Amino acid sequence: MNEPLIGITTRVIEASGLGAVPKGIDGAHLWGVFADYCEAVSAAGGVPVMLPRSVDPTVIVTRLDGLLLSGGEDVDPIRYGMEPVPQSTHHDQARDEFEFQLVAAAIECGVPILAICRGCQVVNVARGGTLIQHLAEVDGFSHAETDEHRSMRRHSVEVATESMLRAALGTDVDSDGNAAVNSYHHQAIAEPGRGLRIVAWAPDGTVEAVESAEQRVLAVQWHPEMHAGVDPIFKWLIAESTKRRTA
Numbered sequence: 001m002n003e004p005l006i007g008i009t010t011r012v013i014e015a016s017g018l019g020a021v022p023k024g025i026d027g028a029h030l031w032g033v034f035a036d037y038c039e040a041v042s043a044a045g046g047v048p049v050m051l052p053r054s055v056d057p058t059v060i061v062t063r064l065d066g067l068l069l070s071g072g073e074d075v076d077p078i079r080y081g082m083e084p085v086p087q088s089t090h091h092d093q094a095r096d097e098f099e100f101q102l103v104a105a106a107i108e109c110g111v112p113i114l115a116i117c118r119g120c121q122v123v124n125v126a127r128g129g130t131l132i133q134h135l136a137e138v139d140g141f142s143h144a145e146t147d148e149h150r151s152m153r154r155h156s157v158e159v160a161t162e163s164m165l166r167a168a169l170g171t172d173v174d175s176d177g178n179a180a181v182n183s184y185h186h187q188a189i190a191e192p193g194r195g196l197r198i199v200a201w202a203p204d205g206t207v208e209a210v211e212s213a214e215q216r217v218l219a220v221q222w223h224p225e226m227h228a229g230v231d232p233i234f235k236w237l238i239a240e241s242t243k244r245r246t247a
């Protein structure tokens, strides 16, 4: 079997929030991830592996061919030297620590990384970058979630030429250098971290993607796993991970 193994980061889900649960497990929790991530990896030709925090990140990375950093809570602002603003309230310091170690280990081992939404912010802060803690709505333009279906492509992003992202998106980029994406975030990159290059911008100037060709890192603010069909960004992840697996 040559399909690459793709590790996917997980979030804590409290059992009490699942409705009817067996007696005696009050206070228990699960590690989980939205099915869209696993389905997108499978559709692109990879094998998804959910990563619980009980594993040593420096060990599990050596067993993986690729790493997918999923979305979720805000990164604790203390990680980039700031106090939280009122709109930044959901933090998971244990998840931050686990994923920061994963990023460092993956880069050291040459494991390709696809980082989505929170994952994009994790990669940036792990590399010494900073974040805008809350994006204000300007003239009716908002990056935050809406009642529209999650696959709805709500705005365009300008994609840099001569970038991995541009090559990965292929015909999804129009003749003007723009691609349409969905949007579910209220934070964004302020200053890019070490070795990361900004490669996509929203119409309001918000950073929408960064990458490192040398380290095989591609990080986007939107959610390609929610787009219909096999998304080309996941094809990029599987192609890069297959190279590692068969090297």
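FYI, full-length UniProt numbering numbers position 5 of the sequence shown as 5, with every residue one higher than the one before it. Ideal Cβ positions, reconstructed from N, Cα and C, are used throughout, including at glycine. None of the values given here were measured: they were computed from a predicted structure.
What residue does the alpha helix (DSSP H) around residue i start on, and which one ends it?
| i | result |
| --- | --- |
| W236 | 232-246 |
Tell me whether residue i sits in a helix, a strand or coil according to DSSP, three-state version.
| i | result |
| --- | --- |
| L67 | strand |
| P48 | strand |
| T161 | coil |
| residue 333 | Because the chain is modelled from 1 through 247, residue 333 falls outside the range shown and cannot be assessed. |
| A190 | coil |
| S156 | strand |
| A115 | strand |
| L131 | strand |
Cα separation between residue i and residue j?
| i | j | result |
| --- | --- | --- |
| P4 | A40 | 13 Å |
| A180 | P84 | 31 Å |
| residue 278 | N124 | Given that the chain is displayed from residue 1 to residue 247, the structure contains no residue 278 and the question cannot be resolved. |
| D231 | T242 | 17 Å |
| V210 | M1 | 32 Å |
| P57 | S70 | 15 Å |
| E108 | E214 | 12 Å |
| Q121 | I189 | 7 Å |
| R244 | I116 | 21 Å |
| residue 286 | P224 | For the chain, the structure presents residues 1 to 247; residue 286 sits outside this window and is missing. |
| T171 | V207 | 21 Å |
| D204 | Q221 | 14 Å |
| V47 | L218 | 19 Å |
| L169 | E158 | 12 Å |
| L135 | A247 | 42 Å |
| E99 | T9 | 8 Å |
| H90 | G119 | 15 Å |
| A104 | P112 | 12 Å |
| D36 | V75 | 22 Å |
| R95 | A44 | 27 Å |
| W31 | P52 | 6 Å |
| Q87 | G229 | 34 Å |
| I13 | E97 | 18 Å |
| V138 | S175 | Summary for V138: the model assigns pLDDT 44, below 50, so the residue's position carries little reliability; its value from the coordinates is reported in the next sentence. Their backbone Cα atoms lie some 27 Å apart in a straight line. |
| F34 | S42 | 14 Å |
| W201 | G177 | 11 Å |
For the beta strand (DSSP E) that residue i lies in, which residues bound it at each end?
| i | result |
| --- | --- |
| E99 | Here E99 belongs to no beta strand (DSSP E); instead the alpha helix (DSSP H) covers 93-109. |
| G119 | G119 -> not in any beta strand (DSSP E); alpha helix (DSSP H) instead, spanning 118-126. |
| V55 | Counting along the chain, V55 falls outside any beta strand (DSSP E), and DSSP gives it neither H nor E. |
| S212 | 207-212 |
| R197 | 197-201 |
| A72 | The question names Ala, yet the displayed sequence has Gly at residue 72. First-last for G72: undefined, no H or E at that position. |
| W222 | Careful: W222 lies outside any beta strand (DSSP E) and carries neither H nor E. |
| H29 | 29-32 |
| N178 | 178-181 |
Residue i and residue j look like a contact to me (Cβ under 8 Å); what is the Cβ gap, rounded to whole Å?
| i | j | result |
| --- | --- | --- |
| L68 | L114 | 5 Å |
| H155 | S183 | 6 Å |
| G66 | I6 | 4 Å |
| P192 | G129 | 5 Å |
| residue 258 | L237 | Since the displayed the chain opens at 1 and closes at 247, residue 258 lies outside it and no answer follows. |
| V61 | A126 | The Cβ separation is near 13 Å, so there is no contact. |
| Q187 | L131 | 5 Å |
Under 7 Å, Cβ to Cβ, is there at least one residue of chain D near residue i?
| i | result |
| --- | --- |
| E73 | Absent from the structure: chain D. Only one protein chain is present. |
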